[in-house]
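Chains E and B supply the protein sequences, listed in that same order. Taking this note's numbering, I'd label the letters of the first sequence as residues 1 to 371. Taking this note's numbering, I'd label the letters of the second sequence as residues 1 to 138. These notes are about the structure you will find just below.
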Amino acid sequence: MTPRNSTKLIRVLYLDDEDNNLRSFKAAFRRDYEVYTANNTEDAFSILKTHKPQVIFSDQRMPVTSGVEFFNAVRQVFPDPVRILITGFTDVNDIIDAINKGHVYRYITKPWSEAEIKVAIENAYDLYHTRKQLRTKIEDLEKTNNELNRFVYSVSHDLRAPIASVLGLVKVAHLDVKEEQAVSLFNKVDQSVHKLDLLVNNIIDYYKNSKAAEEFVEVDIENLVDDVLNHLHSGESRENVHIQKSVNQNARFFGDYFRIRIVLSHLIANAIKFKKPDQDRARVDLKFAIDAEEIHIRVKDHGVGILHEHVEQIFKMFFRGKDQMAGSGLGLYIVKEALAKMGGSIDVTSSPGEGAEFHICIPNVSKDSDE
Amino acid sequence: MSEFQVEYCLLIDDNVVDRFVHRRLIQHHKIAREIVEIDSGKEALEFLNDALEGKKPMPDLILLDLMMPEMDGFQFLKHYEMWVQRSKVRPYLFMVSSTEDDRDLKRARENRHIIRLLRKPLIPSLLREGIDQNSDLK
């Protein structure tokens, strides 16, 4: 039973055209509950308005409006109170209909017993209370969720501007200052700020992936790759990567362009991040195979590869390899999430020292869009 | 062929650090011979109008920041549209921004005056490439 403040009684309204019934109801329950009675719907509505009862009883058979009709009208204006019909056995079809349509919570047959009504009131109040709590919780959660999203988004954007300024300043510093010690300090600043930039960008991508609606467009592979390279985050500009691309296209491809771009950007950024130390630029082979059903993309790098014991874990949030190079631990997690939203899949084969090959499969939605 | 890619560059950006960075990178990579910094869209429009009347040199390269107070990059471009109709010249115009907002990226792609949206910090080779690829449009 829901604990209640004992000084606050449950408010109950009873509507019946027979004053005798009203009187006996009131006499029976007025000590335990705050009882309001009405012998016509107009009075009932004005009680609903001023006293906000939590439980409403109504007789089914009344001269002008039936109980079910009354409840249906109440429901439009006061959805919260729990509605209970009091009726004789003769109205079975009306009752079934009313319960199925959700107009009433339950019914009680005449003649009612005091115990029966009490149980009905207590149960109805529990329901009322639980519904109310649930609604408040949902509203709170929605509000918090919205605020959080807005917060993350604006923080990420406002952070990126000064980060970009610092990165620019470091570039200029490298042009203007050649003194060895200073250069080594600039490099360290550069590395740290790049890391920060990467993290902020990953937060933005994560946010976008969780928020953006799916938008299917025809994807042109040439444009896509170009776009991906333009989108590489500052630490990994397209100068740092050599792309070898092959396209085997047997059908037009329609898909969620934005998420496919996120997936490829992160994989290529990873290839750059994990190139072998003696490699000047990362080498990435991109193979696209498209048919009417799906697109297969193979992203093969020639970098340091992934340790066997890590292969299972790299798609987990905040997983980072042991080495210093590792980033925020968000990149591949975002990749996996984005693919999950598209109904796609990803797997990886790798041996340390030999690079890694990611194999992505995304459904071609062209069939859906043709309909 | 001049040793500079273009003669006269206009930097429109409210952030003094970014203007400094862009000036230095453009100088170093010999992209423009002369660089003028302007810190708001409104003043930039005045400058362009003066250039039409011959009171100021005509820029052949413009780097336009997106997020600026009062008049942002896209608002500036609405006025710029009218200016272009009068001027009959079309400077190379790049938008430069740290934005990650896809709506901005999309708007920039769709705006016919913007050659490309370049992310901050500026990568000079991309600017150089963008000018080269569009030199036939002049």
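We put the CB at the ideal spot given by N, CA and C, even for glycine. These figures come from a predicted structure and were not determined experimentally.
Within 8 Å of the CB of E/A161, the CB atoms of chain B belong to N15, M67, S98, K120, in sequence order along the chain.
Under the 7 Å criterion on CB atoms, B/R23 is classed as non-interfacial with respect to chain E.
In this structure, DSSP gives B/L64 an extended state, which the three-state scheme calls strand. For E/V55, the closest alpha carbon among the candidates E/A269, E/H302, E/I138, E/I121 is that of E/I121. In this chain, the beta strand (DSSP E) harbouring E/P363 covers 356-363. In the three-state reduction of the DSSP assignment, B/E43 falls in the helix class. Look at the region 99-114 of chain B: the residues with a C-beta under 8 Å from a C-beta of chain E are T99, E100, D101, D102.
The Cβ atoms of B/D65 and B/D13 sit closer than 7 Å to each other.
Taking the C-beta atoms as reference points, B/A44 is found no nearer than 7 Å to B/V6.
Boundaries of the alpha helix (DSSP H) around E/E139: 114-176.
Residue contact check for B/D39 against chain E: no CB pair falls below 7 Å.
Within the region 52-126 of chain B, the runs of beta strand (DSSP E) that reach at least 3 residues and sit entirely inside it are, in chain order, 61-65, 92-97, 116-119. In this structure, E/V104 and E/L85 form a Cβ contact; the two beta carbons are roughly 5 Å apart against a cut-off of 8 Å. E/V183 is outside the set of residues whose beta carbon lies under 7 Å from a beta carbon in chain B.
Taking all protein chains shown into account, E/Q60 has 16 or more neighbouring C-beta atoms within 10 Å of its C-beta and is therefore buried. Between E/I204 and E/S156 the beta-carbon gap is near 4 Å, inside 8 Å, which marks them as a contact. With fewer than 16 other beta carbons inside 10 angstroms of its own, E/H308 counts as exposed.
Against chain E, a Cβ distance below 7 Å from B/D72 picks out nothing, because the smallest value is about 13 Å. Rounded to whole angstroms, B/I114 and E/T136 show a C-alpha spacing of 49 Å.
Residue state for E/V183 is assigned as helix, using DSSP reduced to three classes. Every beta strand (DSSP E) stretch that sits fully inside the region 281-321 of chain E and reaches 3 residues is listed by chain position as 282-290, 294-301. Spanning the alpha carbons of E/K300 and B/M58 requires a straight line of approximately 48 Å. Our two residues, B/F4 and B/R128, have alpha carbons roughly 11 Å apart in a direct line. Secondary structure at E/H103: coil, using DSSP grouped into helix, strand and coil. Rounded to whole angstroms, B/Y8 and E/R160 show a C-alpha spacing of 29 Å. Per DSSP, reduced to three states, the secondary structure at E/G343 is coil, with no helix or strand assignment.
Following the DSSP letters along the chain, one finds E/F216 in no alpha helix (DSSP H) but inside the beta strand (DSSP E) bounded by residues 216-218.
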